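Structure first, commentary second.
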Amino acid sequence: MGEDVSIEYCPTDWDGGFFPLTLHFSEDYPSKPPKCKFPQGFFHPNVYPSGTVCLSILNEDSGWRPAITVKQILVGIQDLLDQPNPADPAQTDGYQLFIQEPTEYRRRVRQQAKQYPPLV
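Structure below.
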């Protein structure tokens, strides 16, 4: 028995950007989560000024489990980009704009997407 599955494309303000992300796996992986970093200064409420991603499943003390796959990490980061977690802010500028000035926040996201064009 077959089943047709379709995924509807929903454009986001992040469209068009090819965002460099570094995953660093220590010798203790998978007991400890990888460190996931965007370039320093990356604009997002849940990315520290250093570029380190603030995502619950990457929290070594509470959210990480060795069974979490790289795919789950990447999907989690992808979801976080479009749906920031205001309960766990990592940078002041991104958080304040996201909460107080959503139109300006979206403009900054679109501007950042243009700074990281896709590789051809």
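Going by our numbering, the residue at position 39 of the sequence shown is 66; the numbering climbs one at a time, nothing skipped. Built from N, CA and C at the ideal position, the CB exists for glycine as well. If you're wondering where the values come from, they're calculated on a predicted model, not measured in any experiment.
query: Taking the Cβ atom as the reference point for each residue, do residue 181 and residue 47 lie within a distance shorter than 9 Å?; result: Because the chain spans 28 through 147 in this model, residue 181 falls outside it and cannot be assessed.
query: Do the CB positions of residue 114 and residue 41 come within less than 9 Å of each other?; result: no
query: Within its chain, find whatever has a CB closer than 7 Å to the CB of residue 137; leave out the 5 residues flanking it on each side and keep chain order.; result: 40
query: Quick one: residues in its chain with C-beta nearer than 6 Å to the C-beta of residue 62, no 5 flanking neighbours on either side, listed in chain order?; result: 51
query: Report the three-state DSSP secondary structure of residue 74 (helix, strand or coil).; result: strand
query: Beta-carbon within less than 7 Å of residue 129's beta-carbon, same chain only, minus the 5 sequence neighbours each way: which residues are those?; result: none
query: Are residue 84 and residue 92 close, meaning C-beta to C-beta below 9 Å?; result: yes
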